[in-house]
Amino acid sequence: MPAMRFLPALVALAIAVPAAAQPLPNYDMEELRGAIAKKDLGKIAVLAAEQGGERVFIERFDGEDAGTPVDIRSAGKSITALAVGAAIADGALVDTQVTVWPYLGRPRGEPWDSITVGDLLGMSSALDCNDWDRKSPGQEERMYRTRVWRDFALNLPAREYERDAQGEGPFSYCTAGVFLLGQVVEKATGQRFDTYVQQRIFDPLGIEGVVWRTSRSGEMQSGGQLTIGAEALLKIGRLVLDKGRWDGEQLIPESWIRLMVAPRHQLGQHVHYGNLWWSTPLRSPRGYEGAVMMKGNGGNIVALVPTYDAVLVVQAENYNREDAERHAFTALTAMLGALEVPEGITAE
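Numbers -21 to -1, 1 to 327, taken from mature numbering (1 follows the signal peptide of the UniProt record, and there is no 0), label the letters of the sequence shown in order.
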């Protein structure tokens, strides 16, 4: 079934974004392939697209076998959001308002004790943790240097913190918080995080061979940094675009999918963050289309475009480059332009 009615609020993001806001090259697919070959877009590894559940193309550019997985960095956080939804559906978690400390076993008083699953999902907890600030106590590189990430995260100080009238805390991008979210899922389900995700989500989708990063003490990195193939990402995107249904089965509740991708924080003029998923427009032949995305360092993006009923995947290795996302959006724009324009949409 076409995903044209998927999240009306998201479709409303198909606004006339000024060209100056995203001055990207206007490549067609042939020109895009040439630019990738010349390394004009850095290290693009894989481009993949499907529309209406049917694969349109998967192309490899780094010399590896077609199915070789790529480290998608923080794009993996979006899979953690799916795992939380599955745990709620399974009755292991009550909802997103439950506090995390009963699962983590280390109450510390306020404001730590009021941190909820929803706070960690929305990057809005009281933890003094900001990956975008190298001086932040919780900055992710500090965590990676430790042996036991759980101890690092549980001992983080609190920041100055106040919820707004809707109960929302201020945004602060925090991988350590998403790692703790995985620890909550483990305690709630009684399974190691990767095992639960494999059995509950990946196995029904036919996804194999995913490799998760671990700490030196063996903890699973639920905050991203898993290596996964493009075909698998197309399937995950289709699952979400079809509101949690796969092969006739409601794998994840539709209500969770809607909540998961609904914008919670506005981070730029046209950029929003939900529950470990991003929302931002993509340029198309008719203007701009609303899209929800999994996004990670290096230019790794899975874009779901409801008006086109399409899933687009860019896997790239432009890690820690300021132009990585620009290059990925350049590719996504060309890829979207190569797809069939759905009935009822007029290309300009």
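Beta carbons are placed, not taken as given, at the ideal position from N, Cα and C, and that holds for glycine.
Beta-bridge partners of residue i, as assigned by DSSP
i    : result
V274 : The residue asked about is misnamed: residue 274 is Lys in this sequence, not Val. For K274, which the question treats as bridged, DSSP gives the partners I280.
V37  : Inspection of the sequence shows that residue 37 is occupied by Ile rather than by Val. BP columns for I37 point to A27.
D50  : T206
Q245 : H251
A289 : Q30 and V284
M122 : For M122, which the question treats as bridged, DSSP gives no partner whatsoever.
E165 : E165 pairs with nothing; no bridge assigned.
N297 : G277
T193 : M199
Residue from the options with nearest C-alpha to residue i
i    : options                   : result
N276 : P4, I23, G64 and T174     : I23
V163 : M272, G269, L72 and L20   : L72
D182 : S201, L218, V157 and G169 : L218
E119 : D50, G169, Q200 and H244  : Q200
G227 : G32, N297, K56 and E43    : G32
L246 : R87, D50, S103 and A313   : S103
Rounded separation between residue i and residue j - CA only
i      : j    : result
R126   : T59  : 22 Å
Q30    : K18  : 28 Å
V35    : E210 : 11 Å
Q1     : T309 : Interpretation of Q1 is limited by its pLDDT of 49, a score under 50 that renders its predicted location unreliable; the figure taken from the coordinates is listed afterwards. Cα to Cα, Q1 sits roughly 10 Å from T309.
R142   : L99  : 14 Å
L159   : L83  : 8 Å
L220   : L230 : 13 Å
Y252   : L61  : 15 Å
D110   : I215 : 26 Å
G202   : S53  : 7 Å
N297   : R138 : 32 Å
C108   : L212 : 28 Å
L255   : A14  : 31 Å
A(-13) : G269 : Bear in mind that the predicted position of A(-13) carries a pLDDT of just 46, short of 50, making it too unreliable to give a figure here.
M314   : R12  : 11 Å
R87    : E43  : 48 Å
L205   : Y140 : 31 Å
V176   : W80  : 22 Å
L311   : E304 : 10 Å
G146   : V96  : 13 Å
D173   : W225 : 20 Å
A28    : P90  : 44 Å
Q170   : M272 : 28 Å
W128   : G323 : 50 Å
Supposed close pair residue i, residue j - CB separation, criterion 8 Å
i    : j    : result
A155 : L106 : 7 Å
P48  : G208 : 5 Å
L135 : P116 : 6 Å
R243 : G101 : 5 Å
I51  : N279 : 4 Å
A295 : G21  : 7 Å
Residue i Cβ short of 7 Å to the ligand ATP heavy atom set
i   : result
Y82 : This structure lacks the ligand ATP, and indeed carries no ligand of any kind.
Is the number of C-beta pairs between the region 274 to 293 and the region 311 to 321 that are closer than 8 Å three or more? yes
The region 75 to 82 / the region 113 to 127 touching (three or more Cβ pairs under 8 Å): Fewer than three Cβ pairs drawn from the region 75 to 82 and the region 113 to 127 lie within less than 8 Å of each other, which leaves the two stretches out of contact.
Quick check: the region 191 to 200 against the region 234 to 241, are at least 3 beta-carbon pairs closer than 8 Å? no
Spell out a yes or no on whether the region 133 to 153 and the region 64 to 74 are touching, meaning 3 or more CB-CB pairs, one atom from each, closer than 8 Å. no
Does the region 178 to 189 come within contact of the region 257 to 271, defined as at least 3 CB pairs closer than 8 Å? no
Mind the definition here: the region 289 to 308 touches the region 237 to 244 only if three or more C-beta pairs lie below 8 Å; say whether that holds. no
Below 8 Å, how does it come out for the region 4 to 14 and the region 264 to 272: are there three or more Cβ pairs, yes or no? no
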